[in-house]
Amino acid sequence: MTPITAVCSIALGLVSPAVSEEVVSIGSPAPAWTLSDSKGQEHSLSDFKGKFVVMEWSNHECPFVVKHYRTGNMQKLQGWATEKGVVWLTVVSSAPGKQGYVDGPTANDIMADKGHKSTAMLLDPTGATGKAYGAKTTPHMFVIDREGKLIYMGGIDDKRTPDPADVPGARNHVRAALEEAMAGKPVSVPTSPPYGCSVKY
2 MTPITAVCSI ALGLVSPAVS EEVVSIGSPA PAWTLSDSKG QEHSLSDFKG
52 KFVVMEWSNH ECPFVVKHYR TGNMQKLQGW ATEKGVVWLT VVSSAPGKQG
102 YVDGPTANDI MADKGHKSTA MLLDPTGATG KAYGAKTTPH MFVIDREGKL
152 IYMGGIDDKR TPDPADVPGA RNHVRAALEE AMAGKPVSVP TSPPYGCSVK
202 Y
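Structure follows, in structure tokens:
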């Protein structure tokens, strides 16, 4: 086991006990929230009614997140989705002083450096929104339909590793959910185990 794999394996076991096992469920309305983004602009989930919304919990220091950004996988997915009118929100719920915490200017620097194509990076330093959704890991993905209901939650794909080599052969659950929903079909895989580092509430 490499050092990075060992660290990630430990991180997987550090999911906050304050996060309920069943906070939200597929087919139910997504919890409402109001958060400021990295530029200081306030957003509410209700602002995006009538659109598909992806919420991506992130921690730029987590090796699993690094995997998807270093390979360009996350940015490619963000770009594909936003070009189709999807609102893509990267959410940071790391608490001040914890790994992955960012303020607005730092978040803007990260987005520029990594080539983010998300609609906005939302800052959730109290962790209230993350806990409302039961966000456990980074990344942890949620897809909300045009009616404001959850249609997917879980891992970004089916390769639960920090190895960049696994990206090409993975089934991307988020893209599949969006494609199926946009075509008027039921989402074939509405949930999957989230994987990554624990959210640092």
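Numbering (our numbering), first residue to last: 2 to 202.
Think of the CB as a built atom: it goes at the ideal place given N, C-alpha and C, for glycine as much as any other residue.
Just so we're clear, the structure is a prediction, and the values are computed from it rather than from any experiment.
| Asked | Found |
| --- | --- |
| Residues near L123 in its chain [Cβ-Cβ closer than 6 Å; skip 5 each side] | L36, D38, L90, V92 |
| Contact set for Y70: own chain, Cβ-Cβ below 6 Å, skip 5 residues either direction | K115 |
| Residues of its chain near G131, where Cβ-Cβ distance is below 8 Å and the 5 sequence neighbours each way are ignored | V20, W58, V92, S94, D125, V200, Y202 |
| Three-pair Cβ contact test at 8 Å for the stretch 144–162 versus the stretch 50–57 | yes |
| Chain-order list of residues whose beta-carbon lies under 6 Å from that of L46 (same chain, five-residue window excluded) | A33, W34 |
| Three-way DSSP call (helix, strand, coil) for T127 in this model | coil |
| Status (buried if at least 16 other CB within 10 Å, exposed otherwise) for A184 | exposed |
| Cutoff 8 Å: V103 Cβ touching any chain C Cβ | Protein chains in the displayed structure number just one, and chain C is not present. |
| Bridge partners - C198, DSSP secondary structure assignment | T139 |
| Member of A177, M112, G80, T139 whose CA lies at the smallest distance from the CA of Q100 | T139 |
| Beta-carbon spacing of V188, I152 below 8 Å | yes |
| Residue range of the unbroken beta strand (DSSP E) whose run includes D110 | Premise fails: D110 lies in the alpha helix (DSSP H), 105–115, not in any beta strand (DSSP E). |
| P194 versus G155: straight-line alpha-carbon distance, rounded | 5 Å |
| Nonlocal neighbours in the same chain, by C-beta distance under 7 Å from P30, ignoring five residues either side | G149, K150 |
| Residue interval of the beta strand (DSSP E) (run including L36) | 35–38 |
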